[in-house]
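One structure below.
Numbering (our numbering), first residue to last: 434 to 1048.
The structure is reproduced here in structure tokens:
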């Protein structure tokens, strides 16, 4: 008896043909032939015999012709008059799926006070932080694996996983699989981009093919609203802002999706908002009345019906051009509002304080400073530095230093140091040490270091006139045409020409483990994302928004989504825009990552950044 063991399917790979012979004579080989061709081994040589490998068992390894269809295999023992055959189906064609990419969510602009959620230049685009569902439907049932990649011109090819989700096939006996693809897992070096889906499908015989799954438009636009300014973030990512959309000044709270949660009347035009760190998350806000009078007020953001109440009276003629500064203590906080101005021949400057725990207020006379205006004040919970700069005739600044003591209230006026140059900003490098950046009457800027109330180093002349942030031991600053990095202690910056203007750098976070933090700024072309290590442009956007704050990605309930791209809030002439950036919030490793230190706008280097940094 002679028989071939069944081989129902074969592909391009070499296969084993096995025969069994029951006979009194066991020849060393059997004759092997193939209908429509010959077997060939791995070396390409013809295979025409089955070789005895064991008692009554014969085997050969060869390949079928690479043509789909049935093939008949013959084996013979001519001397005994024994013949047999079998039919094998040859399959060398890879699976061929029908691929569908789910459409982006339908977006209709809300009637909620001018909220815009539709990117008018890309109305059918996915957002950067969304995902797509890719469906692979096969008429074949021999599918083994489906590997999914995303690709784009600027981002290369990015594997995103294997399609393993089960779905119902439209084909009788077919196979349907799905893969949910996070769009943010693919590099995107643009504001808007087109991302392609590529599938590598393989069947159980090893036949494979790359299949084009189509394209998806992607935008970084999230939402925008008109007439919104002075944003400060709550720990859950909501924004406390001033808005005039309803025709009158309002203090309002907006969700991270741009929806309005509450609003209440404000007095005058809003200028600054700082968020408290206590459980009630009190908002400290200041507004301008008749362009000269400041009304410092506070409200409990958790109780929107609470009165937006004045904290202390201020005289006409005083201007508060600095963000309020928040000093924290265990279970307590103190808000300090520096002011300066001229009224009835009194060229006065004051620092006003308000303590949450006992609702007490205090005013410290910082002295007469003729012709001065107030700039960014900062604190490290031990000292409060308040820079005042001249408005004309030679650039000089007075740095008023107040010691806060154990309780932080009331403060003690320590000294007033005069420095060359008009100080525009301050950044705290370490406890007790502040760096002051400003400009001179010549083309360039200055950088000072102060330890407590003492200027510890001579000023360094630098090509800058814009605020400074600190990454590790590097100061990052900008001039009219350059973005620069200066190692602390050095006098030689590294600069690149990005043609910047009228903005404050905002430091993002490393987009991936081990990568450099990202700076967000503006130039003549719009928003720019800059690699802080190389000062090279990562991507830029044709939108004229000036970075103001940055946050994590959030769930609907305000919980952080670690690893998901964050959102950058930028101001423009039209209002406030939320843009999806790859940075997962503020840089939680930086000492002073943005001009007001943190998205709460506290000006306090000890305030944790963890609420807004979600790597």
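For every residue, glycine included, the Cβ atom is placed at its ideal position computed from N, Cα and C.
Kindly list the residues whose CB is nearer than 6 Å to the CB of residue 1023, restricted to its own chain and excluding five residues on each side of it in sequence; keep chain order.
-> Counting from 1 along the chain shown, the entry for residue 1023 is found at position 590. Excluding sequence neighbours, residue 1023 sits near 904, 940.
If you check the beta carbons only, do residue 613 and residue 542 fall under 7 Å apart?
-> As a working note, residue 613 is residue 180 in the chain shown. As a working note, residue 542 is residue 109 in the chain shown. Cβ atoms of residue 613 and residue 542: not closer than 7 Å.
Does the Cβ of residue 967 have 16 or more other Cβ atoms within 10 Å, making it buried, or fewer, making it exposed?
-> For the purposes of this step, residue 967 is taken as residue 534 along the chain shown, with counting starting at 1. Residue 967 is exposed by the Cβ-count criterion.
Select from 999, 992, 882, 505 the residue whose C-alpha is nearest the C-alpha of residue 943.
-> Taking the chain shown and counting its residues from 1, the one referred to as residue 943 is at position 510. Residue 999 is the option with its Cα nearest to residue 943.
Can you give the Cα-Cα distance for residue 715 and residue 762, rounded to whole angstroms?
-> To locate residue 715, count along the chain shown from 1; it is residue 282. To locate residue 762, count along the chain shown from 1; it is residue 329. Roughly 15 Å separates the two Cα atoms.
Compare the C-beta of residue 970 with all C-beta atoms of chain B and state if any pair is closer than 7 Å.
-> Of the chains in the structure shown, none is chain B; there is only one protein chain.
Does the distance from the CB of residue 454 to the CB of residue 506 come in under 7 Å?
-> As a working mapping, residue 454 is identified with position 21 in the chain shown. As a working mapping, residue 506 is identified with position 73 in the chain shown. Cβ atoms of residue 454 and residue 506: not closer than 7 Å.
Minimum length 3: unbroken beta strand (DSSP E) runs contained in the stretch 623-668 | Complete beta strand (DSSP E) runs here, min 3: 625-636, 641-652, 654-659, 661-666.
Please list, in chain order, all residues of the same chain as residue 501 whose beta carbon is under 7 Å from its beta carbon, the five residues on each side excluded.
-> Here residue 501 is taken as the residue at index 68 of the chain shown, counted from 1. Excluding positions up to five away in sequence, the list reads 523, 524, 525, 526.
Cβ atoms of residue 855 and residue 884: under 7 Å apart, would you say?
-> Position 451 of the chain shown, counted from the first residue, corresponds to residue 884. Position 422 of the chain shown, counted from the first residue, corresponds to residue 855. For the 7 Å CB-CB criterion, residue 884 and residue 855 do not form a contact.
Using CA coordinates, which residue listed in 988, 973, 982 is at the minimum distance from residue 626?
-> Translated into the one-based positions of the chain shown, residue 626 becomes position 193. The shortest Cα separation from residue 626 among 988, 973, 982 belongs to 973.
Is there contact here, the stretch 592-604 with the stretch 572-579, by at least three beta-carbon pairs under 8 Å?
-> These segments touch.
Go through the stretch 823-867 residue by residue and report every complete run of the beta strand (DSSP E) that reaches 3 residues or more, in order.
-> 829-836, 845-853, 855-863
At least three beta-carbon pairs within less than 8 Å, the stretch 996-1015 to the stretch 952-970 = yes
Tell me where the beta strand (DSSP E) around residue 963 begins and ends.
-> Position 530 of the chain shown, counting from 1, holds the residue named residue 963. Note, residue 963: beta strand (DSSP E), 959-964.
When you compare each of 551, 764, 635 to residue 573 by their alpha carbons, which one comes out closest?
-> Taking the first residue of the chain shown as 1, we reach residue 573 at position 140. Per the Cα distances, 635.
For residue 1019, is the classification buried or exposed, using 16 other Cβ atoms within 10 angstroms of its Cβ as the cut-off for buried?
-> Working through the chain shown from its first residue, we reach residue 1019 at position 586. By the neighbour-count rule (16 or more Cβ atoms within 10 Å), residue 1019 is buried.
Got a sec? Which residues, its chain only, sit under 7 Å from residue 631 by beta carbon, not counting five neighbours each side?
-> Counting from 1 along the chain shown, the entry for residue 631 is found at position 198. Correct list, in chain order: 582, 584, 643, 645, 646.
Reducing DSSP to helix, strand and coil, say where residue 618 ends up.
-> Taking the chain shown and counting its residues from 1, the one referred to as residue 618 is at position 185. Secondary structure at residue 618: helix, using DSSP grouped into helix, strand and coil.
Tell me residue 524's beta-bridge partners as DSSP assigns them.
-> For the purposes of this step, residue 524 is taken as the residue at position 91 of the chain shown. For residue 524, which the question treats as bridged, DSSP gives no partner whatsoever.
What span of residues does the beta strand (DSSP E) with residue 1046 cover, start to end?
-> Working through the chain shown from its first residue, we reach residue 1046 at position 613. Where residue 1046 is concerned, there is no enclosing beta strand (DSSP E), given that its DSSP letter is neither H nor E.
Same chain, Cβ closer than 6 Å to residue 852, five either side skipped, listed in chain order = Locating residue 852 in the chain shown gives position 419, counting from the first residue. Counting only Cβ-Cβ distances below 6 Å, and skipping sequence neighbours, we find 830, 881.
Please specify which runs of the beta strand (DSSP E), each continuous and at least 3 residues long, are wholly inside the stretch 971-1015, giving them in chain order.
-> 979-984, 1000-1005, 1008-1013
Would you decide whether residue 1034 is buried or exposed? Buried here means 16 or more other CB atoms lie within 10 Å of its CB.
-> Start at 1 with the first residue of the chain shown, and residue 1034 comes out as number 601. So residue 1034 counts as buried.
Tell me whether the beta-carbon of residue 677 lies closer than 7 Å to the beta-carbon of residue 987.
-> On the chain shown, residue 677 is found 244 positions in, with the first residue counted as 1. On the chain shown, residue 987 is found 554 positions in, with the first residue counted as 1. Taking 7 Å as the Cβ cut-off, residue 677 and residue 987 do not qualify as a contacting pair.
Neighbour-count burial assignment, residue 442, 16 or more Cβ in a 10 Å radius = By 1-based counting over the chain shown, the position of residue 442 is 9. Under this definition residue 442 is an exposed residue.
Rounded to whole angstroms, what's the CA-CA distance from residue 919 to residue 871? Just pull it up for me.
-> Here residue 919 corresponds to residue number 486 of the chain shown, with the count starting at 1. Here residue 871 corresponds to residue number 438 of the chain shown, with the count starting at 1. Roughly 15 Å separates the two Cα atoms.
Spatial distance of residue 835 from residue 786 (CA atoms) | Here residue 835 refers to the residue found at position 402 when the chain shown is read from its first residue. Here residue 786 refers to the residue found at position 353 when the chain shown is read from its first residue. Residue 835 and residue 786: Cα-Cα distance of roughly 12 Å.
Under 7 Å between C-beta atoms of residue 497 and residue 530 = Here the question's residue 497 lines up with position 64 in the chain shown. Here the question's residue 530 lines up with position 97 in the chain shown. Not closer than 7 Å, so no.
Would you mind giving the Cβ-Cβ distance between residue 458 and residue 513, rounded to the nearest angstrom? I have them listed as a contact below 8 Å.
-> On the chain shown, position 25 is the one that residue 458 refers to. On the chain shown, position 80 is the one that residue 513 refers to. About 7 Å; that satisfies the 8 Å criterion.
Span separating the alpha-carbon of residue 935 from that of residue 1030 = Counting from 1 along the chain shown, the entry for residue 935 is found at position 502. Counting from 1 along the chain shown, the entry for residue 1030 is found at position 597. For residue 935, the pLDDT reaches just 49, beneath the cut-off of 50, and the residue's location in the model is therefore unreliable, although a value from the coordinates is still provided. Going by the C-alpha atoms only, they are around 19 Å apart.
Residue 551 versus residue 1007 - alpha carbon distance | Taking the first residue of the chain shown as 1, we reach residue 551 at position 118. Taking the first residue of the chain shown as 1, we reach residue 1007 at position 574. For residue 551 and residue 1007, the distance between alpha carbons rounds to 15 Å.
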